[in-house]
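Numbering (UniProt numbering), first residue to last: 1 to 86. Built from N, CA and C at the ideal position, the CB exists for glycine as well. Keep in mind it's a predicted model, so treat the numbers as computed, not measured. Structure first, commentary second.
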């Protein structure tokens, strides 16, 4: 299993397109599996940073990609506390 680190929203479109191509799917085929139009999927790939978390999770599930959140070992700059907000 290989990890892919995403640090900015702008990195998502290329990664999602890469995962789709690695799965051997066209936009049309993936759209059918997701239950959306090809145009909707195209917009999702181009503007992934504006997609809802639910739709992104559905896309990742269809592609067989797992989302893992990991806290880095070093503290985040500008963060006053390491305590969770909840």
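If you follow the alpha helix (DSSP H) that residue 42 is in, where does it begin and where does it stop? The residue you call residue 42 lines up with position 42 of the chain shown. First-last of the alpha helix (DSSP H) with residue 42: 38–46.
Spell out a yes or no on whether the stretch 8–19 and the stretch 44–52 are touching, meaning 3 or more CB-CB pairs, one atom from each, closer than 8 Å. yes
Distance, Cα to Cα, residue 60 vs residue 66? The residue given as residue 60 occupies position 60 in the chain shown. The residue given as residue 66 occupies position 66 in the chain shown. Taking the straight line from one Cα to the other gives about 7 Å.
Using a threshold of 8 Å, state whether the C-beta atoms of residue 63 and residue 20 are closer than that. Position 63 of the chain shown, counting from 1, holds the residue named residue 63. Position 20 of the chain shown, counting from 1, holds the residue named residue 20. Taking C-beta atoms as the reference points, residue 63 and residue 20 count as a pair closer than 8 Å.
Residue 28: buried (16+ other C-beta within 10 angstroms of its C-beta) or exposed? If you number the chain shown from 1, residue 28 lands on position 28. Residue 28 should be labelled exposed.
For residue 38 and residue 72, I'd like the C-alpha separation in whole angstroms. Numbered from 1 along the chain shown, position 38 holds the residue referred to as residue 38. Numbered from 1 along the chain shown, position 72 holds the residue referred to as residue 72. For residue 38 and residue 72, the distance between alpha carbons rounds to 36 Å.
Cβ neighbours of residue 42 in the same chain (closer than 6 Å, five flanking residues each side left out): Mapped onto the chain shown, residue 42 falls at position 42. Here the set comprises 27.
With a threshold of 6 Å on Cβ separation, who are the neighbours of residue 44 within its own chain once the five nearest residues in sequence on each side are excluded? For the purposes of this step, residue 44 is identified with residue 44 of the chain shown, where counting begins at 1. Excluding positions up to five away in sequence, the list reads 51.
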